[in-house]
Structures are given as structure tokens and as C-alpha cells.
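Visitor: Here's a structure for you.
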Amino acid sequence: MARWRRWISRLVNFLRPDEAESHMQREMDSHLRLSQDEFIRQGISENDALWAAKRAYGPAEQVKELHRDERSFLWLEQLRQDLRHALRQFRVQSAFTVVTILSLAFGIGANTGMFSVMNVLLMKSLPVPKADQLVQLDSVNRKNEQTLRGFSYPGFRIMKAASGRVLSGVFAYSSTDTSSSIYSSLAKSNVIYKGNAEIAKGMLASGEMYSVLGVQPFLGRLFVAGDDRVKAGSPVVVLAYGYWRARFGGDRGVIGKTLVVNRVPLTVIGVTPKQFRGVELDYSPDFTVPVSMADALKLESLDNRNAWWLSVLGRKKPDLTNGQVEAALQPAFRESVEDLIEATPADLTREIRGLTDGLVFKISPASQGAVSAVRDELGRSFALLMTTVALLLGIACVNVANLLLARTAAREREIRLRMSVGASRFRVSRQLMTEMLALAFTGGLLALPCAWFGAPLLLRMFAADSTIASLDAGPDWRVFLFAFAIALMCGICLGLVPLIQIREKRSSRSKIGGIPDGLMVAQIALALMLAAGAGLLVRSFQKIRHVDPGFRPDGVLAFGVTRSSLGYTGQRERGFYTQMKDELASLPGVISVSFARSEPGSSDLGTFVRIAGEPPSRQNEPISANVVDAGYFRTVGIDLLAGRDFDAHDVTGAQRVVIVNESFARRYFGHRFPLGLAFNIMGDENAMHIVGVVKDAKEHGLLQPAPMMIYLPYQQGPGAYGDQLTFFIRSAGDPLATLPAVRATLRRLNPLLPLSDVRTLRLALQSSVRREQVLAQISTLMGLTALALASLGVYGVIAYRVSCETKAVGIRMALGAKRSSILWLVMHRVMVLLTVGVGLGLIAVFSCAHLVSGILFGVSPNDPVSMLTASAALIFVALASAYFPARRAAGVDPAITLRHE
Amino acid sequence: MPSKEKQRLVLLQGTLDVMILRVLATMGPQHSYAISTRLEQLADQLMSVNQGNLYPALVRVEQNGWISGKWQTTDSGREAKYYSLTKARQEGFGSGDGEMVPLRGFRESGSSGRVVDHGPLA
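Respectively, the protein sequence lines represent chains A and B.
To convert, take the position in the first sequence, counting from 1, and add 1; that gives the working numbering.
To convert, take the position in the second sequence, counting from 1, and add 2; that gives the working numbering.
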């Protein structure tokens, strides 16, 4: 009890020092007076008595110090003293203070900003209770280590039935990432409310999703397991909070109203809370529909065992490892595979067995939502950027250290004075460290708002058009902790610099060595790493820009059409498209119009081919495919190398035709002339005849080699495999200029047809390599900043050295040294240090280069051109910055400097 | 401040506290000058404690709640802070027959005035 009393007393005294001080003074005075009175009584004169009293009392200041220690907390009092002293110093040396705080704020801010992004990408969990229990159910092909995402609906039912022992719940949803997403896409659904049609993103989910996740409704109710029982038995829809506010104005009355989604009426039953944005990182659905509606929405048949279009997530029972869950569900998985094989027509059994032979069930952690390739990619990019900003912080700190050196040298007198009147070395060191920590933490505080605003900006730069851009990259406790830790680390490291400095014997040796030289070498090395990194990324992006995409994107406008929202089928549908083509082609400036299943550069349709006489091994290679209309190649600019395009003769009932690309022809037909030759595709017993060969196009993106590709004619296709069609319009001038006319024409033809995804092919191509472009841009910026900081640093160090050595220089010149030799003296040292720095930097770059080879395209991580350019730039900049103070040193007038002594 | 002296003072802390309590128990409420005079008598110059060093000890003991101080006027008209044992401490010292229950053994040894430490607190 006494201890707490004491503690509180001490705290109060710390917080109110003036009061405590005056109490103490009063008591001391009282004691002294009484003592004095006693001495006077003994016959001593008044003055002598006072003096005797004081002597008996003891050294007053010591007593006061002891008293302060007793009545309050000594270390706190000393801290307060240190801080007051520090503030005084800062006001006196305001330039130093400002520069230091800004440099540190910049460095810490950049690092914190990057960390915020990393945090939201890699660390923040889904906003549901116990997110660490969530896992994703997939399979992996042991033969090629490729993960096969997803399950079919029957497969999901099998897994669900078997999961009761290890999973407390499991649900399925339509993922954008599964291997069969081509068949099922709600991403561009036509949603009609009160007569207005708009495009929205949708998702299908099984009834247990919300309960397994633990999401409570914000309004109304969410799905229950019963919503899945009967096919199309629950025509309901749940809205996302954002969509509810944006499209329905936050109207609570929308509950119970009907939305017509892709021509199917659904009743709105509820709204999810604001923080819940779906289970996928880059897909945040506007609305969710029970999976039992899949047939009704013409997306997929729930009985189809061949379409593995659902992603499955589950919640582990507590205290189970992923391995245990995998082992427990392995048999059920095999059962679902056997079920699939059983349902496959006999002639495809071999293919399917080949595909599924090596498949093994796998569990992945999903506390952040579904496993996402995008998250991994972005994560890699940002890891690179984090390293870069860490290096920048290093350079900024070295600059501050340089400033510190000069400042401490200036304060040396003050420090020695304090030590001579009894301050321990520890006390002085603590004072200096406190100053540095105060500066570092101030810098850190300033850095926080930078990170606040910078992080969302960064995300948007990288992923402008996806859900990722709107992720909440605001700071949470991890970010604050990170900023605090970085500030602390900087403060301590920098605080050590003056300590080491006052420990070292004071000297102005011209020998190379010591802290300033070491700092400069470090700075040069770091700057070189940044400059080299920038060089690599820039060259990599340049190479990408010069990749031939295989088609001609300029001048082509593209937009998407959702077939199911048209309301036509069969012949009527084809007739409509023909009409669209004709009308659009007649618009002024339009050269040609066509349409296809997918746009060039993003093929997602695949199949297998069977060629008479080919060994089966060859026939398990996946071939990419597209379904195109006549005139497609001409419109998007893919060159026809042999044969002809599809034309009016290629209709249903006529001979089946196909156009292939050169890679396909080369692979399967070698040197044989391919025209006229025939083959089958999986699932189709009619052989197709090759009528044309086109140039290879980079159908899997610019960064991947061109795949083997076949193009099927739309007129002969059985329904074009999917709900989306893309139209292409090639115009003479700017494609966007034709957009208003296009919209008007389409509105006239079918008022309920909303255009989706309007874009130019050129822009689409550019955004496909946005990540590489942004990386190149940011790293260039950082490389330039590094060069600037390094040049400032070199200037500072040389200027400092020179100012230390003016006396020596003066003597030299008085003894006859020429100006040029003085200049050489300084520059010589700089060049030696530069060489060491550049050498160290290059060694560092070479040893770390392999880490970034995954991000580079067409450029080796040890690319000599980048290294040479970076080194040359850095050397030039550093020599230039050293030159000016060197020249000043050489211009010293010996008479002045010697007189100065 | 040289560190040896600081060490000595630290050692004295506990003892000083007890001596203050002892003095107040036997003599009743006193001001700091009177306490220090009395302590000097008891110590008989073997412990040459500066009078001022008493003051931090007083603060400590007061903060612990064992004594409390009140400003009063002395007979000679000066103001002084009189310290007295709080109720809690008084009980620890036993009933008022003068016989002390030692907190830490400290016995006056009559003429020699030696300070003897008898062991830890009860």
C-alpha cells in the first residue's frame, strides 16, 4: 500500500515541479533559520551563524538533487531536462533541425507507405471472426505442381458431405479464378431495376457462405442453407453495401423489390455490411445470388461434372492442422474425381484420366480470402519497392549523419564543458541520443499523414481498374508499430554517430578512413544499388514496349455484349449481330467491324486436339482457342499468312472449317502445307479443315510467348461457348471519336442493350503491362532521388572535410603548393572513395540480382548496360558535387587561414 | 558527485528511515532541525551525515505514509514543519509504555551511542 502511495506522490511531484520545488525551498529555509538561531544562541554573529548553519546542512544543490530523486522519478526529471535542452538546441540550429526532420519524414514516410500497402495486401484478414480458421480447398497436380482451382457442383457436394469431421462449415462460390470460369461469368450482368438497365458484377454462392464466414446482415437477411435445396427454388439476391448505396441511394425500401438480372427476376432480401467486400482480393461483387440459380441464369448446369467452376472455402475446426484436414478429405476428393471420370463420354476418358491422374487434394490458408495470383504478383512488386525505399531511407540517414558530424563538431566545446563540471559520459551521451530520438520521432509523426495519403495512391497506380484500387490501405496498428519501429531505429543509429565521434580522438588527418569517409562510401554504394535497379527495370520495360503483340491495336475500339441480356437466340441472335455489323460498318470513319469470343491478347478458352496418326502424348497439350466472326483478323490486325478468312460460305451444315496460327501449324504439321488438312477438337466428332494460317499473336499477354491457337468460325460454333461477346471497330482516326455514334446506333437497335467495358485495344494493351510500367516509373523516380541525395551527401562530406583542413591547406599553400595540387588532393580522395563505394554497390547488386529476375523481362539481372549506365551517372554526379568544395579549398588564401589561428 | 559517497548514502537509507521513526516515537512531533540534532547526538559523529541529507529521507518516509507533516510556529516565532507518526505507524510501535517493538533493531547503547543493526524488518 505504501508503495502505491509513494508512486502516486512521486508522479504528482513530477507533474507539478514548481510546487514541489517551492515546498522544498520553504523547508530548507526553515531548517537553516532554526539552525542559524541555534548558532546565534551559542554566541556566534549573525552572518557567521548563517554560514555555519549552511555548512552543517551540507551542499545545498546536492541535497536538492537527492530530494528531487526522492520526491519524483529521477530518470523522468532528467528526461525532461534533456528534452528542454534539446528544444533549445533545435531552435538555435533550426536549419539542421528542419533538414533532419524533413529527410527523416520523407524516408520514414516512404517506407511506411509501402508497408501500408503490403499490410493490406498480405496481412489484413477478412473482416470476419476468426479468419485464421478459413482455408481454401483445391487440388494440385503432382506431375507439374500446378494448382487446379475449384470444384464442380457435384464435386462440391461430395466434399461437403465428407467434411463434417474436420471443417465446421464449407461453402462454394463462383470464382473468377477457376479453370472453368470461361463458362460462368456474372461479371458483366445486366441488372434492371424499375426499368433501368445497368451493368453490375455478380457472384453465385452456396447458402452457407454467410454463416460459415460469420457475416451478419446489415439490412434484411442473408442466405441460409435452405436457399440451395431446390434448383431455382430461391430466386433471391443479396446486395453489397457499396452497390446498395451507389445504385439504390441507400433506400431501405429496396428490400422485397425485384431486380431482373440477365432476364431472371430476383427478390432483394438483404444487404451485407460495409466492411464485407467479398472473399476475393480483386473481385468485389455488387450482388450475390444463390448457387441454385445457376441453371436459371444460364451460367452453368449444377449437374455438370465437367465444369469445375466453383471455388470452395471452409472453416477448420479448431486445433487442426492443414495437413490433417488434407488427409481426412483425400478419399472424398478421389471419389469426386472418379465421379467425374464416370460421367465422361468414353472417347474422352483417356484425356480426362491423363488430366486427373496426378491430382491430389490440397488445403491453402485463406484468412485473407481466396488465394489470389494477383495478390502474389502485386506482393512481389511491392516487396521490391519496399527494398528500394529502405535503401532510400539509408541514404537519407547517411545524409543526416553527415550533418550530425558537422554539428557535433561545432558543439564540442559545450560537451567538454559539461563533462568537466561533472556530467558523466553516460549523461552526455543520453542527452545527445535524446535529441536524436526526438528528431526521429517528429519525423515519424510527419511521416504518418504521408503514408495515409500515399498508400491508396500507390495502389491506384498499380491496379487502377480493379477492386484492389479501392482496398482500405489506411493505417492500422501494424502500420503505426512499423512507423514507430523505423523511427526508433533511425533515432538510435543516428544517435550513435555523435557518440562515436566524441569517443574518437579529435583529428583532422588527411588519411583516408574514419566516419565521414565510411559514410560517403555507404551512401555511394546504396545510391548505386538504387540506380542500377532503376536501370534494370527501365530497360525491362523498354523491352516489353517493343514486343510485337501480333496484332495492330491502334485505331480499334472494343466493347462487350452480354448475350443473355439480348433475349435472342439461335438464328435471331446471329441475324442481330449481322445487323449490328452492317450498321456500325456504315458509320463515318469506320473501316471494318467484327466480333469474337475474346479479344486478342486475353484468350481464356482452351481445348485439346486430336489429329489422326498423332501419338497420344502430343494430344494432351492444351491449345488456346477463340471463336471469331468473319473479318476478325482484318479488324484487329492479325496478318493472314496463307489461305483465307472465314466467309459467308462457312455456315452451319457446310464443311467445318478452322483457322490456325503458325505455331500450331509448325507443331502439328511440321513442314507439311497445312491448308486442307483436318483434325478434331475435344468433344466434337466432326473433323475441321484448315482454311487459313495466321501470324502468331501474344494471346496470353505480352509477357508470355505466343501460344498455339485455333480460331473457330462463329457461324459454325455451337453457341460460342459463353455469355460474353466482344465487338471490334477499326476506324481511320481516333477510335473514341466514333463512340457517340456507336452508342446511338446500338440504342436504336436494342434499347435494353447496355455496352460494357468500352475500351480501345491500345489502352487495353497498355494496362496489361501497367505493373511493369509503374515499377519502371517509380524506380526511376527513386533512382533519381538517390542520385540527388548522394550528390548532396558527397558535397556535404567534402565541404566538411575541407573546412576541417583549411589550416593544413593554408600551410601547404604557404609552403608553395600549387592550386592544382590542392584540388588533386581532394579529388583524389573522392575518387578512391567513389571507387570503393561503386565497387561495394556493384557487389551488392550482383549478389541480390537473382531476386528480381522474376520481375525482369528480356533483361538479365546482371545486365551490363544498366550497371555501366548507373555507375557512370553516379560517378559523374559525385565528382561534380565534390568539385565545387574542392575548388574552394584550392582557392584558400593562406594568409587568411593562418591568421585565423 | 563521486560515486562512493552516493553508495554510502544508499546504505544509510533504510537505517535513516528507522531512526526518524524512532526519534518521533520517543520524542513526539518534531521539526526537521530538531530531528537532525537528535540524530547527531545519537550517532555521536560516527555517522557524519550532512543535516541536509535528512531531508530526502523525510520526504520518503512521508510519501510512504508513515509520518505526516504540518506547518506550525515554533516558540521562537519561526515557522517550521512538524512531523509526527501517523496512526498506522504508531500502532506498529506498540502501546505507549515506551517499550518499542523494533522494526529494525536499533538500540541506543547509552554512552557510546553506537548504532547496531539487528536484522531485517519484522
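No residue lacks a Cβ here, since even glycine has one placed at the ideal position from N, Cα and C.
#1: Any chance you could list the beta strand (DSSP E) runs of at least 3 consecutive residues sitting entirely within the stretch 551-587 of chain A, in chain order?
#2: Using 8 Å for Cβ pairs, my map puts L482 (chain A) next to L392 (chain A). What's the rounded Cβ distance?
#3: Tell me where the alpha helix (DSSP H) around H829 (chain A) begins and ends.
#4: 8 Å is my cut-off, CB to CB: does L13 (chain B) come that close to chain A?
#5: Are the C-beta atoms of I426 (chain A) and some chain B residue less than 8 Å apart?
#6: Using the Cα positions of I856 (chain A) and S603 (chain A), report the straight-line distance between them to the nearest angstrom.
#7: Just reading off the alpha helix (DSSP H) that A765 (chain A) is part of, what are its end residues?
#8: Would you please state the rounded distance, in angstroms, between the beta carbons of L260 (chain A) and V269 (chain A)? I believe it to be under 8 Å.
#9: Taking 8 Å as the threshold, find out whether the stretch 815-832 of chain A comes into contact with the stretch 419-436 of chain A through three or more Cβ pairs.
#10: Have a look at G67 (chain B) and R11 (chain A) and give me their C-alpha separation to the nearest angstrom.
#11: Going by DSSP, what residues sit across from Y194 (chain A) in a beta bridge?
#12: In the DSSP output, which residue or residues are listed as bridge partners for Q137 (chain A)?
#13: Grouping DSSP H, G and I as helix and E and B as strand, with all else coil, what is F665 (chain A)?
#14: Measuring CB atoms only, is the stretch 583-602 of chain A touching the stretch 791-805 of chain A, in the sense that at least three cross pairs come out at less than 8 Å?
#15: Under 8 Å: do the stretch 96-116 of chain A and the stretch 432-445 of chain A share three or more Cβ pairs, one atom per stretch?
#16: Counting Cβ pairs, one atom from each stretch, are 3 or more of them under 8 Å apart for the stretch 542-556 of chain A and the stretch 696-714 of chain A?
#17: Please confirm whether R40 (chain B) has its beta-carbon closer than 8 Å to some beta-carbon of chain A.
#18: Whose Cβ in chain A lies nearer than 8 Å to the Cβ of K89 (chain B)?
#19: For a test of the three-state rule: what should DSSP assign to G221 (chain A), helix, strand or coil?
#20: Could you check the C-alpha separation between I183 (chain A) and V866 (chain A) for me, to the nearest Å?
#21: Within 8 Å (strictly less), CB to CB, does S1 (chain A) reach chain B?
#22: Short of 6 Å in beta carbon distance, which residues of its chain neighbour S337 (chain A), apart from the five on each side in sequence? Order them along the chain.
#23: Tell me whether N48 (chain A) sits in a helix, a strand or coil according to DSSP, three-state version.
#24: Under the three-state reduction of DSSP, which class applies to N627 (chain A): helix, strand or coil?
#25: Using a Cβ-Cβ cut-off of 7 Å (strictly less than) and excluding sequence neighbours within five positions of S623 (chain A), which residues of its own chain qualify?
#26: Select from A:D477, A:S541 and A:L737 the residue whose C-alpha is nearest the C-alpha of A559 (chain A).
#27: Under the rule that 16 or more other beta-carbon atoms within 10 Å means buried, what is H33 (chain B), buried or exposed?
#28: Can you check DSSP and say which residues form a bridge with G693 (chain A)?
#29: Around the C-beta of A733 (chain A), are 16 or more other C-beta atoms found within 10 angstroms, so that it is buried, or is it exposed?
#30: Give me the DSSP bridge partner(s) of H33 (chain B).
#31: Quick one: which unbroken beta strand (DSSP E) runs of 3-plus residues sit fully inside the stretch 256-286 of chain A? Chain order, please.
#32: Is there contact between the stretch 140-155 of chain A and the stretch 306-325 of chain A, where contact requires at least three CB pairs shorter than 8 Å?
#33: Do we get a CB-CB distance below 8 Å when we pair E20 (chain A) with the residues of chain B?
#34: Please state whether the Cβ-Cβ distance between V695 (chain A) and P675 (chain A) is less than 8 Å.
#35: State the Cα-Cα distance for the pair D19 (chain B) and A59 (chain B), rounded to the nearest angstrom.
#36: Using CA coordinates, which residue listed in A:F577, A:L449, A:A448 and A:T409 is at the minimum distance from S430 (chain A)?
Guide: This is what the structure holds:
#1: 557-563
#2: Taking the first sequence and counting its residues from 1, one reaches residue 482 (chain A) at position 481. Taking the first sequence and counting its residues from 1, one reaches residue 392 (chain A) at position 391. Not really, about 22 Å apart at Cβ, beyond 8 Å.
#3: As a working note, residue 829 (chain A) is residue 828 in the first sequence. Per DSSP, H829 (chain A) belongs to the alpha helix (DSSP H) from R820 to C849.
#4: As a working mapping, residue 13 (chain B) is identified with position 11 in the second sequence. Bear in mind that the predicted position of L13 (chain B) carries a pLDDT of just 48, short of 50, making it too unreliable to give a figure here.
#5: In the first sequence, residue 426 (chain A) corresponds to position 425, counting from 1. According to the sequence shown, residue 426 (chain A) is Arg rather than Ile. With 8 Å as the cut-off, R426 (chain A) does not count as an interface residue toward chain B.
#6: Position 855 of the first sequence, counting from 1, holds the residue named residue 856 (chain A). Position 602 of the first sequence, counting from 1, holds the residue named residue 603 (chain A). C-alpha separation (whole angstroms): 20 Å.
#7: Here residue 765 (chain A) is taken as the residue at index 764 of the first sequence, counted from 1. Element bounds for A765 (chain A): L762 to S769.
#8: Counting from one through the first sequence, the residue named residue 260 (chain A) turns up at place 259. Counting from one through the first sequence, the residue named residue 269 (chain A) turns up at place 268. Confirmed, about 6 Å.
#9: no
#10: The count along the second sequence starts at 1 and reaches residue 67 (chain B) at position 65. The count along the first sequence starts at 1 and reaches residue 11 (chain A) at position 10. Taking the straight line joining both Cα atoms gives about 13 Å.
#11: Stepping through the first sequence from its first residue, residue 194 (chain A) is reached at position 193. In the DSSP output, where bridge partners are listed per residue, Y194 (chain A) has A:N197.
#12: Taking the first sequence and counting its residues from 1, one reaches residue 137 (chain A) at position 136. DSSP output for Q137 (chain A) lists A:L314 and A:S365 as bridge partner(s).
#13: As a working note, residue 665 (chain A) is residue 664 in the first sequence. Here F665 (chain A) sits in helix by DSSP.
#14: no
#15: yes
#16: yes
#17: Here residue 40 (chain B) refers to the residue found at position 38 when the second sequence is read from its first residue. It does not: the Cβ of R40 (chain B) has no partner Cβ on chain A nearer than 8 Å.
#18: Working through the second sequence from its first residue, we reach residue 89 (chain B) at position 87. Under the 8 Å cutoff, chain A gives no residues; its nearest Cβ is about 14 Å from K89 (chain B).
#19: Residue mapping note: residue 221 (chain A) aligns to position 220 of the first sequence, counting from 1. In the structure shown, G221 (chain A) sits in a strand (DSSP, three-state: E or B).
#20: As a position in the first sequence, residue 183 (chain A) is number 182, starting the count at 1. As a position in the first sequence, residue 866 (chain A) is number 865, starting the count at 1. Confidence is the limiting factor: at I183 (chain A) the pLDDT is only 43, short of 50, which leaves the residue's position unreliable, though a coordinate-based value still follows. Going from the Cα of I183 (chain A) to the Cα of V866 (chain A) covers about 43 Å.
#21: In the structure displayed, chain A extends from 2 to 902; residue 1 (chain A) sits before or after that span and is not available.
#22: Taking the first sequence and counting its residues from 1, one reaches residue 337 (chain A) at position 336. Within the same chain, S337 (chain A) has close Cβ partners G156 and I159.
#23: Residue 48 (chain A) sits at position 47 when you count from the first residue of the first sequence. Residue state, collapsed to three classes: helix.
#24: Reading the first sequence from its first residue, position 626 is the one you call residue 627 (chain A). Note: N627 (chain A) maps to strand in three-state DSSP.
#25: The residue given as residue 623 (chain A) occupies position 622 in the first sequence. A small fix is needed here, since residue 623 (chain A) is Pro in this sequence, not Ser. Around P623 (chain A): G607 and F609.
#26: Taking the first sequence and counting its residues from 1, one reaches residue 559 (chain A) at position 558. Selected option, being the one with the closest Cα: A:L737.
#27: Walking along the second sequence from the start, residue 33 (chain B) turns up at place 31. It counts as buried.
#28: To locate residue 693 (chain A), count along the first sequence from 1; it is residue 692. According to DSSP, which records beta bridges pairwise, G693 (chain A) is partnered with A:G644 and A:I660.
#29: By 1-based counting over the first sequence, the position of residue 733 (chain A) is 732. Flag for A733 (chain A) reads exposed.
#30: The residue you call residue 33 (chain B) lines up with position 31 of the second sequence. Answer by DSSP bridge pairing, in chain order: B:Y84.
#31: 259-262 and 265-272
#32: yes
#33: On the first sequence, residue 20 (chain A) is found 19 positions in, with the first residue counted as 1. No, E20 (chain A) lies away from the interface with chain B (no Cβ there is under 8 Å from its Cβ).
#34: Locating residue 695 (chain A) in the first sequence gives position 694, where the first residue counts as 1. Locating residue 675 (chain A) in the first sequence gives position 674, where the first residue counts as 1. No.
#35: Counting from one through the second sequence, the residue named residue 19 (chain B) turns up at place 17. Counting from one through the second sequence, the residue named residue 59 (chain B) turns up at place 57. Taking the straight line from one Cα to the other gives about 6 Å.
#36: Your numbering for residue 430 (chain A) matches position 429 in the first sequence. Per the Cα distances, A:T409.
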